[in-house]
Amino acid sequence: MKEPNGILKGSKKVEGGKLIKCDLSLDPSGSVIREVRFTGDFFMHPEEKLEELEGYLANTHLSHLQERVSAFFTKDVQVVGVKPDDICNLIFELAAKVR
Amino acid sequence: MSEWRLLLTGEHNAFSNMAIDEAVLLSVANGTSPTTVRFYQWSPPAVSIGYFQSMNEEVDVEACKRHGIDMVRRITGGGAVFHDKMKEITYSIVMRESDPMLSKDIRESYGVLCSGIVRGLKRLGIDAEFKAINDICVGGKKISGSAHTRRYGGALQHGTILYDVDLKLMFSLLKVPSEKIRDKLINSASERVTSIRAARNDVDLKDVERAMIYGFEEAFGIRLRPGELSEGEKRDAKRLEKERYERAEWNFKR
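As they're listed, the protein sequences go chains Z and P.
Converting from the first sequence to this note's numbering requires adding 15 to each position, the first position being numbered 1.
Converting from the second sequence to this note's numbering requires adding 2 to each position, the first position being numbered 1.
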């Protein structure tokens, strides 16, 4: 679903896991993340890492998304109820809608 | 046998309840208070949402205001919960992060810490089982949910045990994502959620509290010694209530 302000909205219920929702805006080319925001009933430890992830993914080219996300989830960050791949796939699914 | 502190703090509003949990986390983490189990209630009733949730997306804010229901965002992740008055028991358990009981893996810790509640429910003759990630179920229906965080060098897990449930009111306050309902292939909330009253209509909230105390003691091989909040914890709780939990900047952050 694309809102009038250009924000793509989507969500994914992970099987046996939690719900993650995503608000995504892309640059005009449709291949670079301008801004991304995640909400949902998943867990991330430490919690503040989610905001860090959102900032870290701004200006990321979609072709580098998977490596950027896996580099972020080091042993110091635990995400429960959602896997890093779910985060990437949700962004890819949303981005595919504007191509 | 080691002794943990038992806190029965009774009814507080949502902001105070969440501030007390965090104040206890601070004092247990820095070693000034022992491992603590707390049972508490909410007055007025309240909706709490997970750290990563958006209040406006999860909660019908206007309906809560109409019903005089508090809204608060937790420092723990997880989902939105309606804490109805006299209809649930809320617990928290706080220990140092270095406690040998705790795995580094938070998913594993849910099973460990929820075993006290499972044991308490069994004490009431209710055949409950832990269901990953963070639920306790009876006959496949959820009766309890928990959320865990690690910070300041401590670990906090808090959660709710449903004593009774007013689903009509609950769903008039919460916006439930349809994806979640579809995934579980169950179209009625009453088929997914149960309560102690559904299994036992002859026990009151105090009976449940006593059973939970027994459950924690048996599951962890400890004694719960009734205690009070320390002066430092009361001060921290007041400060956190004012500076964090009462503030729209915190509750409506996401």
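Just so you know, even glycine gets a beta-carbon here, dropped at the ideal spot from N, CA and C.
Can you pull out the residues from the segment 28 to 60 of chain P whose beta carbon lies closer than 8 Å to at least one beta carbon of chain Z?
Flagged, chain order: Gly52, Tyr53, Phe54, Gln55, Ser56, Glu59.
Partners in chain P for threonine 89 of chain Z, counting only beta-carbon separations shorter than 8 Å
Under the 8 Å cutoff, chain P gives no residues; its nearest Cβ is about 14 Å from threonine 89 of chain Z.
On the CB-based measure, 16 or more other CB atoms within 10 Å of its CB, does valine 94 of chain Z come out buried or exposed?
Taking all protein chains in view, the Cβ of valine 94 of chain Z is crowded by 16 or more other Cβ atoms within 10 Å, so the residue is classified as buried.
Of the choices Z/Ile22, Z/His76, Z/Met59, Z/Ile106, whose alpha-carbon is the least far from that of glycine 96 of chain Z?
Distances from the alpha-carbon of glycine 96 of chain Z to those of Z/Ile22, Z/His76, Z/Met59, Z/Ile106 put Z/Met59 closest.
Cβ-heavy atom distance between phenylalanine 254 of chain P and the ligand MG below 7 Å?
This structure lacks the ligand MG, and indeed carries no ligand of any kind.
What beta strand (DSSP E) runs, 3 residues minimum, are completely inside the segment 149 to 216 of chain P?
With a minimum length of 3 residues, the continuous beta strand (DSSP E) runs that stay inside the segment 149 to 216 of chain P are 156 to 164.
Would you say isoleucine 77 of chain P lies against chain Z (beta-carbon separation less than 8 Å)?
Yes, its Cβ sits closer than 8 Å to a Cβ of chain Z.
Length-filtered (4 minimum) alpha helix (DSSP H) runs lying within the segment 97 to 130 of chain P:
Whole alpha helix (DSSP H) segments, 4+ residues: 108 to 125.
Give, in chain order, every unbroken run of the beta strand (DSSP E) that is at least 3 residues long and sits entirely within the segment 56 to 99 of chain P.
Residue ranges of uninterrupted beta strand (DSSP E) with 3 or more members, entirely inside the segment 56 to 99 of chain P and ordered along the chain, are 72 to 75, 83 to 85, 90 to 98.
Identity of the residue in P/Ala239, P/Gly217, P/Arg194, P/Arg212 nearest isoleucine 22 of chain P by Cα:
If we check each option's Cα against that of isoleucine 22 of chain P, P/Ala239 comes out closest.
Whose Cβ in chain Z lies nearer than 8 Å to the Cβ of glycine 113 of chain P?
Per Cβ cutoff of 8 Å: no residues; glycine 113 of chain P is ~12 Å from chain Z at best.
Given a cut-off of 8 Å on the beta-carbon distance, is the pair leucine 226 of chain P and valine 39 of chain P in contact?
Yes. Within cutoff.
Using 8 Å as the threshold, is the segment 104 to 111 of chain P in touch with the segment 69 to 86 of chain P, meaning 3 or more CB pairs across them?
Here the segment 104 to 111 of chain P makes no contact with the segment 69 to 86 of chain P; the two share fewer than three CB pairs at distances below 8 Å.
Tell me whether the segment 40 to 47 of chain Z and the segment 75 to 90 of chain Z touch, counting them as touching only if at least three CB pairs, one residue from each stretch, are closer than 8 Å.
The answer is yes - the segment 75 to 90 of chain Z touches the segment 40 to 47 of chain Z, with three or more Cβ pairs under 8 Å.
For the beta strand (DSSP E) that aspartate 137 of chain P lies in, which residues bound it at each end?
Residues 137 to 140.
Just the chain Z side, please: which residues come within less than 7 Å of glycine 80 of chain P by C-beta, in chain order?
Chain Z residues near glycine 80 of chain P: Asp56, Phe58.
With a threshold of 8 Å between beta carbons, is isoleucine 22 of chain Z in contact with chain P?
The beta-carbon of isoleucine 22 of chain Z is placed no less than 8 Å from the nearest beta-carbon of chain P.
Would you kindly check if the distance between the Cβ of lysine 177 of chain P and the Cβ of glutamate 59 of chain P is under 8 Å?
Note that the C-beta distance between glutamate 59 of chain P and lysine 177 of chain P is below 8 Å.
So serine 4 of chain P and isoleucine 215 of chain P are in contact, right, with Cβ under 8 Å, and what is the actual spacing, rounded?
Rounded, the Cβ-Cβ distance is 15 Å, inconsistent with contact.
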